[in-house]
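In this note's numbering, the protein residues as written are 273 to 566.
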C-alpha cells in the first residue's frame with residue numbers, strides 16, 4: 273500500500289540520483305567492464321603512453337568498453353601536444369578509491385593516479401554539458417577557460433558545441449558519462465543532472481539558466497537544489513550578460529567548500545529515504561522531526 277504524496281511532500285524528497293551516496297557513483301564510474309587492445313587507428317594510439325589513462329573511451333553502443341573511431345573532426349585529434357594528456361584512451365578507467373561519500377576527491381583531486389602528469393600545465397579540463405544549443409554560452413565558457421587556463425571538453429547533450437571545444441563526445445555510455453564528470457576540474461552546464469553530478473563529484477561548476485526571464489528559474493529543480501545546498505550563486509542567468517559573469521568569476525574567493533554541502537545532502541538523503549520507506553508501509557508515517565529534516 274502506497275500513501276498518496278501531496279505536492280508539498282513531494283518537494284521534500286531528493287531527486288533519485290542523489291539518493292545514492294557519492295562513493296557508490298564513484299565505484300560505478302570505475303566499474304570493471306569489457307576492454308579491448310589499443311589500436312592506433314581507433315584508440316588514440318598516437319598519444320604518449322604515460323598520458324593514456326586519464327579518461328574512458330566513448331561508447332556508441334551504450335555498453336562499457338565498446339568504442340568508436342577517433343577523428344580529428346569529432347575528437348580533437350588536432351590538439352596541441354601539450355593539451356593531449358587530459359584526454360581519453362579507449363575503455364581504460366582507473367578505479368576510484370573505495371570509501372563512502374568522501375571517496376571522490378574535492379575539486380578534481382580524484383583524477384586517476386596512473387599515467388597522470390602532475391605538472392600544473394598538464395592536468396585538468398573544463399567539461400561542458402549543455403542540453404540546449406551550446407553556442408549561446410560561448411562567451412561565458414570563454415571567460416571560464418580564461419580564468420582556469422584549461423582546455424574544454426564538450427559532452428554533447430546538444431549537438432551544438434561552444435567554439436572553445438578541444439574535444440567533443442557526441443555520445444557515450446553511462447560509465448564514460450560518469451567518468452567525464454569525475455575527471456573534470458570545472459563543469460559548465462545547463463542541465464539539472466549535470467548540476468547533480470557536479471555536486472556528487474564535488475566540482476567547481478557553473479549552472480546556467482537559459483531563460484530570458486530569470487524569474488522562471490525560481491522553483492525549478494536547479495534552483496531548488498542549489499538553494500538547498502547554499503550554492504544558489506552558482507546558478508547564472510545568461511540574460512545578466514557576460515559582465516555579470518565576469519564579476520562572478522572575479523569575486524569568488526576560492527573553491528567550493530564541500531564539507532557543508534556534503535552534510536546537507538547526507539541529512540536530506542536520510543530524510544528522503546525515511547519518508548519513502550514510511551510511504552510504502554501500511555499505516556506508516558514520519559514523525560515531525562524526520563519530516564523537518566527531510
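Cβ atoms here follow ideal geometry from the backbone N, Cα and C, with glycine treated the same way.
Taking the CA atoms as reference points, residue 435 sits about 22 Å from residue 520. Its Cα nearest to that of residue 530, the residue 498 stands out among 508, 414, 498, 510. Within the model, the alpha-carbon separation for residue 469 versus residue 397 is close to 16 Å.
A residue is called buried when at least 16 other Cβ atoms come within 10 angstroms of its Cβ; residue 476 meets this threshold and is buried.
Taking the Cβ atoms as the reference, residue 461 lies roughly 7 Å from residue 480, within the contact range of under 8 Å. Contact between the stretch 421-430 and the stretch 395-410 is present: 3 or more CB-CB pairs across the two stretches fall below 8 Å.
Scanning 463, 536, 534, 301 for the CA closest to the CA of residue 507 turns up 463.
Apart from the 5 residues on each side of it in sequence, residue 459 sits with its Cβ closer than 6 Å to the Cβ of 399, 470, 475, 477 in its chain, given in chain order. In this chain, residue 409 is not harboured by any alpha helix (DSSP H), its DSSP state being neither H nor E. Cβ contact annotation for residue 416 (same chain, cutoff 8 Å, sequence separation greater than five): 398, 458, 460, 478, 521, in chain order. DSSP places residue 433 outside both helix and strand once states are collapsed to three, so it counts as coil. Assigned with DSSP and collapsed to three states, residue 300 falls in helix.
Under the three-state reduction of DSSP, residue 492 is assigned to coil, being neither helix nor strand. In this structure, DSSP gives residue 475 a state outside helix and strand, which the three-state scheme calls coil. The closest CA to that of residue 289, considering only 467, 488, 413, 535, is found on 467.
Per the DSSP secondary-structure output, residue 427 pairs in a beta bridge with 401, 441. Apart from sequence neighbours up to five positions away, the residues of its chain that approach residue 533 with a beta-carbon distance below 6 Å are 501, ordered along the chain.
For residue 461, there is no enclosing alpha helix (DSSP H); the enclosing beta strand (DSSP E) covers residues 458-461. Here the C-alpha atom of residue 505 lies approximately 34 Å from the C-alpha atom of residue 550. For residue 540, the number of other beta carbons within 10 angstroms of its own is at least 16, and it is reported as buried. DSSP places residue 497 in the helix class (H, G or I) of the three-state scheme. The closest CA to that of residue 446, considering only 296, 301, 292, is found on 301. The residues 294, 297, in chain order, have a CB closer than 6 Å to that of residue 472 in the same chain once the five nearest residues on each side in sequence are set aside. Nearest Cα to residue 528 within the set 537, 516, 503: 503.
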